[in-house]
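What follows is one structure encoded as structure tokens, with my remarks underneath.
Residue numbers (my numbering), protein chains in the order written: chain W, 55 to 309; chain G, 55 to 309.
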């Protein structure tokens, strides 16, 4: 690429999150950056889109040399509105994050960070989601810097395969020992709700729970290496058709 | 299966949608049915989960012999709360829908109907999402009945492969000519927003747009057959790791 790439940055923790600012300060060294982020936290929003209410776009003070906008929508809305109403051309790269919290294992499917990343991919933009395994608003993102620089620059130089984006996770409170390109561990959440009673005696529930890793000893998986202080890169294919299963399903249905 | 299966039904249009009631009236002939549906419309909610607010569960009058509950959450929240707070055992089958509107092509990723279906699959429940290509609240679901009976009974009898669920779509305003097991058409949305100005002159946006089918003449895809009055069955793999791309991504990143 001859000229500086145009880099769209979004996240799901919203403007003001340290992880977003950290990512912007890395990206402005690699290209021209425009931020279009949610104006409120949007964790767990997956690929949700806002269908039944109007959306607003507002401009904010720049971060370093990056222009900064917020929308009133979800992370996917941010990507769609960036393309429709903010940018005057298709970006060369989309970065999402750095998320405060893990998007490894099964979390890819619930993650707003990865929802935005997969939206970029679906629109034909090389797209990377970055996450740190700490929910702390004051988490230390510094150890991720050289890894994010390296991955981002390589993707700027070489692109990504059509229909594939990256889900990158970093261990917390340590310098990663290296990077591993792996798949997500087969996993699911258990013990998912805390239970309460209102002052009037009605039960209510609050989402919580534990990630149960169904294959903790498998070095082909992200959870295995994150537990051993490595960063992980999982290639993600947003399109979920299981084409290989068409013969099996045809047989089950007698078709 | 010797005894009547336990069937969990949810949707994203919420309790009161005709498509939900239609599906319940089919399912009560095939098993013992419990409905856990959203108390408000949740279209476009994908696999979103409610992280930062409490959730409520309420019981309603039965539909035929089916027990009926609502939650204040998303379709995925409904599945999680059904498992945690409503059902006393894991269901033998999850059905989601019948959605008022298409979930073919790229729509699988934004769909709350399919978010719930994929959640069931992730939890190890054979899961099927049903959708009709009409947004009308008064859409005629009758032509879908024999097809839904057939697919549902076959899945009760034979199960589904581990990690695979089904996304079933029906054409509107006609009796389907048959069923095709295919993959989703590669597609994306264009012209995505209607633009307005408030009385005070501020611009706002409302999601709209057109589905652009990137391969309209390909008989391997759902859109091709839906346009020719067939119902379509797409096998869906919720886990999005592109394991086949690990060597390519390793090469791009120099790892």
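C-beta atoms are modelled at their ideal positions from N, C-alpha and C, and glycine is treated no differently.
Burial state of residue i (16 or more Cβ within 10 Å)
i                      : result
residue 125 of chain G : buried
residue 71 of chain W  : buried
residue 256 of chain W : exposed
residue 142 of chain G : exposed
residue 92 of chain G  : buried
residue 192 of chain W : exposed
residue 175 of chain G : buried
residue 228 of chain G : exposed
residue 151 of chain G : buried
residue 251 of chain W : exposed
residue 291 of chain G : buried
residue 128 of chain G : buried
residue 173 of chain W : buried
residue 245 of chain G : exposed
residue 180 of chain W : buried
residue 275 of chain G : buried
residue 109 of chain G : buried
residue 213 of chain W : exposed
residue 268 of chain W : exposed
residue 156 of chain G : buried
residue 94 of chain G  : exposed
residue 188 of chain W : buried
residue 57 of chain W  : exposed
Per-residue contacts from residue i into chain W (C-beta, under 7 Å)
i                      : result
residue 287 of chain G : 303, 307
residue 258 of chain G : 108, 109, 110
residue 297 of chain G : 237
residue 210 of chain G : Near residue 210 of chain G there are no residues of chain W at all, since even the closest Cβ is about 11 Å away, more than 7 Å.
residue 61 of chain G  : Simply none; closest approach about 17 Å.
residue 265 of chain G : Neighbours of residue 265 of chain G on chain W: none; closest Cβ ~12 Å, over 7 Å.
For residue i, the first and last residue of its enclosing beta strand (DSSP E)
i                      : result
residue 60 of chain W  : 60 to 64
residue 266 of chain W : 264 to 267
residue 219 of chain G : 219 to 224
residue 286 of chain W : 285 to 290
residue 234 of chain W : 233 to 235
residue 104 of chain W : No beta strand (DSSP E) holds residue 104 of chain W; DSSP gives it neither H nor E.
residue 277 of chain W : It is not in any beta strand (DSSP E) - residue 277 of chain W instead sits in the alpha helix (DSSP H) that spans 276 to 280.
residue 254 of chain G : That residue, residue 254 of chain G, is in no beta strand (DSSP E); it is neither H nor E in DSSP.
residue 121 of chain W : 120 to 125
residue 183 of chain G : 181 to 186
residue 114 of chain G : 111 to 117
residue 95 of chain G  : Run containing residue 95 of chain G: none; DSSP gives neither H nor E here.
Beta-carbon separation (whole angstroms), residue i vs residue j, contact threshold 8 Å
i                      : j                      : result
residue 218 of chain G : residue 293 of chain W : That pair is no contact at about 15 Å.
residue 60 of chain G  : residue 145 of chain G : 5 Å
residue 90 of chain W  : residue 64 of chain W  : 6 Å
residue 73 of chain G  : residue 258 of chain G : In fact, because the Cβ distance is near 30 Å, the residues do not count as touching under 8 Å.
residue 166 of chain G : residue 265 of chain G : Not quite, the Cβ-Cβ distance comes to about 17 Å (not below 8 Å), so this is no contact.
residue 247 of chain G : residue 139 of chain W : 7 Å
residue 149 of chain W : residue 220 of chain W : Not a contact, Cβ separation roughly 10 Å.
Unbroken alpha helix (DSSP H) run spanning residue i, endpoints
i                      : result
residue 77 of chain W  : 72 to 81
residue 166 of chain G : 166 to 176
residue 150 of chain W : Note, residue 150 of chain W: premise wrong, no alpha helix (DSSP H); beta strand (DSSP E) at 147 to 154.
residue 209 of chain W : 199 to 212
residue 307 of chain G : 300 to 307
residue 246 of chain G : Here residue 246 of chain G belongs to no alpha helix (DSSP H), and DSSP marks it neither H nor E.
residue 129 of chain G : 129 to 135
Within chain W, the residues that residue i reaches when beta carbons sit closer than 8 Å
i                      : result
residue 183 of chain G : Going along chain W, no residue has its Cβ under 8 Å from residue 183 of chain G, so there is no contact; the nearest lies around 12 Å.
residue 97 of chain G  : 105, 106
residue 281 of chain G : Result: empty, since nearest Cβ-Cβ is about 18 Å, beyond 8 Å.
Where residue i meets chain G, residues with beta-carbon distance less than 8 Å
i                      : result
residue 300 of chain W : 235, 236, 237, 289
residue 169 of chain W : 100
residue 261 of chain W : 103, 104, 105, 109, 131, 134
residue 220 of chain W : 303
Chain-ordered chain G contacts of residue i [CB-CB under 7 Å]
i                      : result
residue 162 of chain W : 294
residue 246 of chain W : 134, 138
residue 177 of chain W : 242
residue 102 of chain W : 98, 99, 100, 102
Chain G contact residues for residue i, given Cβ-Cβ distances below 9 Å
i                      : result
residue 189 of chain W : Within 9 Å Cβ-Cβ: nothing; residue 189 of chain W doesn't reach chain G, min ~11 Å.
residue 152 of chain W : Those within 9 Å of residue 152 of chain W in chain G number zero; the least Cβ separation is about 18 Å.
Proximity test, residue i beta-carbon vs the ligand ZN heavy atom, cut-off 7 Å
i                      : result
residue 235 of chain G : What this structure holds is no ligand at all, so the ligand ZN is not there to describe.
Chain W residues whose Cβ lies nearer than 9 Å to that of residue i
i                      : result
residue 205 of chain G : 307
residue 215 of chain G : 296, 299, 302, 303, 306
*Does the region 222 to 238 of chain W come close enough to the region 284 to 292 of chain W that 3 or more CB-CB pairs lie under 8 Å?*
yes
*May I ask you to verify whether the region 93 to 105 of chain W touches the region 101 to 109 of chain G, counting CB pairs closer than 8 Å and requiring at least 3?*
yes
*Could you tell me whether the region 111 to 122 of chain W touches the region 168 to 187 of chain W, where touching means 3 or more Cβ pairs closer than 8 Å?*
no
*Cβ contact check for the region 237 to 244 of chain G and the region 198 to 213 of chain G: 3 or more pairs under 8 Å*: no
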